[in-house]
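The next block holds one structure in the form of structure tokens; read it before the comments.
There are 2 protein chains.
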Amino acid sequence: MRIAFIGLGAMGLPMAIRLIQAGHAVTGFDLNTRNRAAFEAAGGQWSPDAKGAVQEAELVWLMVVSGDQAHDFLFTQNHAADMPANAMVVMSCTQSASKAANTGEALTARGLRVLDAPVSGGVVGAEAGTLAIMVGGAQTDFDFARSALESVGSNLFHMGVMCGMGSTMKTVNQLLCGVHIAVAAEATHVAENAGLDLAQVHRILSVSAASSWMLGNRGPRMLQDEPPVTSAVDIFVKDLSIVAEEARRAKSGLPLAAAALQMFLAASGQGHGLADDSQVIRAYRGLNRGDQK
Amino acid sequence: MRIAFIGLGAMGLPMAIRLIQAGHAVTGFDLNTRNRAAFEAAGGQWSPDAKGAVQEAELVWLMVVSGDQAHDFLFTQNHAADMPANAMVVMSCTQSASKAANTGEALTARGLRVLDAPVSGGVVGAEAGTLAIMVGGAQTDFDFARSALESVGSNLFHMGVMCGMGSTMKTVNQLLCGVHIAVAAEATHVAENAGLDLAQVHRILSVSAASSWMLGNRGPRMLQDEPPVTSAVDIFVKDLSIVAEEARRAKSGLPLAAAALQMFLAASGQGHGLADDSQVIRAYRGLNRGDQK
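For the protein sequence lines, the chains are E and P, in the order given. Note that my numbering gives residue 46 to position 42 of the first sequence, counting from 1, and the numbers run on in steps of one. Note that my numbering gives residue 72 to position 68 of the second sequence, counting from 1, and the numbers run on in steps of one.
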């Protein structure tokens with residue numbers, strides 16, 4: 005399949021390389037050229053402009069930073085008009101379901117096909133080809149893209165026929181992930197203020213009904229002063245803001261997601277936005293009895 | 005060891021029976037006589053009054069409903085005065101750390117020894133002898149009681165030398181459990197309002213970074229209209245109220261625990277206090293777009 009891959013950053017590059025390895029003809033474009041050499045070495049064809057990348061494509065895969073950036077690429081810069089009739093756009097940026105639905109409608113109105121296909125699993129999953137891909141879109145479109153999607157992610161889920169259903173699934177996932185990190189910090193903070201042995205506390209919690217994947221993964225880094233950054237505080241500011249935006253649009257109150265967002269926001273405001281997301285615990289230390297650690 | 009066991013309800017009876025089976029001489033007392041026959045059949049000696057149960061005991065195990073009830077038994081009814089000098093009181097009721105500490109100090113002042121030893125694992129764990137027991141108290145006291153504790157719970161944790169540290173550990177555990185159930189309901193509610201296939205959503209979440217023990221355990225029951233009651237909504241009203249009470253005493257803000265408590269309270273106020281705790285999802289259905297299910 006002739007595929008245009010737009011956005012060759014930390015996630016996009018390994019995803020594009022897996023498409024090349026699966027036998028697809030992949031043309032790539034990114035304003036930032038730092039990954040050009042690696043992309044070309046893997047067999048990709050770099051295009052110096054977006055129009056050149058998409059004008060022959062059967063499938064245009066957007067792995068840009070946000071739904072706004074995807075919309076801008078498609079309609080403000082108007083590269084939707086550069087695509088062949090009936091080309092399929094696959095949107096893998098993390099965005100709200102309503103934004104995905106709006107962009108999807110606009111693409112359909114121009115005679116293009118579209119899948120809403122956010123991913124989960126991070127750079128590690130992208131490199132290993134083990135991403136989860138949560139897809140919203142018509143069954144025939146899903147079937148058309150299936151082999152390409154499967155070469156990028158080993159966990160492929162078709163959530164429903166509406167563009168936006170994939171993004172809803174990702175939103176639900178991120179709501180849980182964000183709250184689980186924040187509450188792990190909240191619980192650890194209570195234990196630390198009470199003078200308990202925190203490593204022992206985490207050992208006990210990890211084998212109890214209180215366990216979560218995030219507690220097991222982020223818990224140990226909460227006990228470090230300067231842990232390595234696996235995913236930053238500001239990523240959850242972004243992802244929980246999408247949850248909040250979508251809830252506001254639906255006029256839904258989501259008390260736990262809202263409270264968790266405040267803690268990530270506060271940690272970011274304290275200057276820890278680029279720190280590992282486990283460091284949301286610093287927001288609790290600031291909140292209660294000063295920054296005592 | 006001569007053990008008095010006070011409170012032979014759903015949890016206390018199987019705990020006392022395990023002590024008898026381990027070779028201890030167990031005298032039992034409960035105002036409610038419904039489990040008397042079962043206790044005696046297992047080899048326990050029923051005492052018609054509390055004084056008779058405790059006056060020869062080396063160890064008095066309190067498995068009553070609350071810290072207030074324990075305090076009332078010990079000091080209002082004044083059964084602390086009925087115990088031999090240097091007897092050890094083991095408090096296994098769920099209570100706040102400060103209540104455990106206060107009661108512990110009062111016992112110590114009267115020449116008695118004390119362990120704060122709340123349990124986790126429910127009736128199933130009590131019957132199997134696999135309870136987790138989280139203990140606060142002096143090392144020598146812990147060592148004295150160890151074999152008795154081990155015959156009741158296979159997961160024994162000495163959290164620290166202060167009476168109250170066991171209860172803090174239980175509080176931290178219940179904080180996480182309560183928030184994890186509430187956020188599982190919040191996320192399921194978002195997915196149900198978006199029209200996703202909820203069984204598929206739970207399958208995806210269960211293998212992702214969004215997974216938690218509670219989501220796996222309570223998630224399926226959230227999708228049932230009248231699930232069997234494993235643990236009731238009102239249990240988490242109680243346990244998260246202990247978290248809130250302890251946080252208020254410490255002048256600590258705990259935003260997620262506070263928000264989760266509101267949802268369990270609201271579910272209880274809707275008339276669902278005795279329903280399975282998975283039904284906290286009904287509070288979300290009441291909150292957003294009416295009770296649409």
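We put the CB at the ideal spot given by N, CA and C, even for glycine. Note that the structure is predicted; figures quoted are calculated from it, not measured.
Query	Result
Residue-level contact to chain E via CB, L258(P), 7 Å cutoff	yes
7 Å Cβ cutoff met for L258(E) and A264(E)	no
From N36(E), T172(E), G157(E), D145(E), residue whose alpha carbon lies closest to that of K103(E)	T172(E)
Residues within the segment 212–244 of chain E neighbouring chain P, beta-carbon criterion of under 9 Å	S212, A213, A214, S215, S216, W217, M218, L219, N221
Straight-line gap, D120(P) to F43(P) (C-alpha atoms, nearest Å)	25 Å
Cα-Cα separation between Q143(E) and S212(E), rounded to whole angstroms	41 Å
Chain P contacts made by the segment 103–118 of chain E, where a contact means CB separation under 7 Å	none
Stretch pair the segment 147–167 of chain P + the segment 179–189 of chain E: three plus CB contacts closer than 8 Å	no
Short CB-CB distance (under 7 Å) between G294(E) and chain P	Residue placement at G294(E) is poorly supported in this model, since its pLDDT is 46, which falls under 50; the coordinates are not used for a value here.
Neighbour flag for E161(P) against chain E, beta carbons, 7 Å	Here residue 161(P) turns out to be Phe, not Glu, going by the sequence shown. True, the Cβ-Cβ gap to chain E drops below 7 Å.
Minimum length 3: unbroken beta strand (DSSP E) runs contained in the segment 136–164 of chain E	136–140, 159–164
Cross-strand partners of T31(P) (DSSP beta bridge)	A8(P), Q49(P)
Beta-carbon gap between V127(E) and A14(E) smaller than 7 Å	yes
Residue closest to V30(P), alpha-carbon to alpha-carbon, out of E62(P), R253(P), A262(P), T37(P)	E62(P)
Option nearest G168(P) by Cα separation, candidates V118(P), R286(P), L78(P)	V118(P)
Beta-carbon neighbours of Q266(P), restricted to chain E and to distances below 8 Å	P259
Which of helix, strand or coil DSSP assigns to R117(E)	strand
Within the segment 72–124 of chain P, ranges of the beta strand (DSSP E) (whole runs, at least 3 residues)	92–95, 117–120
8 Å Cβ cut-off: residues of chain P touching H184(E)	H184, V187, A214, S216
Close beta carbons around I246(P), own chain, < 8 Å, minus the five adjacent residues each side	T98, Q99, S100, T175, Q178
Contact set between S124(P) and chain E, taken where Cβ atoms lie within less than 7 Å	S212
Cα-Cα separation between H206(E) and G199(E), rounded to whole angstroms	14 Å
Where A14(E) falls: helix, strand or coil (DSSP)	coil
CB contact check: L153(E) to chain P, cutoff 7 Å	no
Minimum Cβ-Cβ distance from C181(P) to chain E less than 7 Å	yes
Helix, strand or coil at S216(E) [DSSP, three-state]	strand
Status (buried if at least 16 other CB within 10 Å, exposed otherwise) for L278(P)	exposed
Which listed residue (S282(E), Q49(E), S215(E)) has its alpha carbon closest to that of L227(E)	S282(E)
Cβ-based burial, N292(E) [other Cβ within 10 Å; buried from 16]	buried
Own chain, CB closer than 8 Å to P232(E), minus 5 neighbours either side, in chain order	R225, D280
Beta strand (DSSP E) segment containing V64(E), residue limits	63–66
Buried/exposed call for A113(E), threshold 16 Cβ in 10 Å	exposed
A236(P) in three-state terms, based on DSSP	strand
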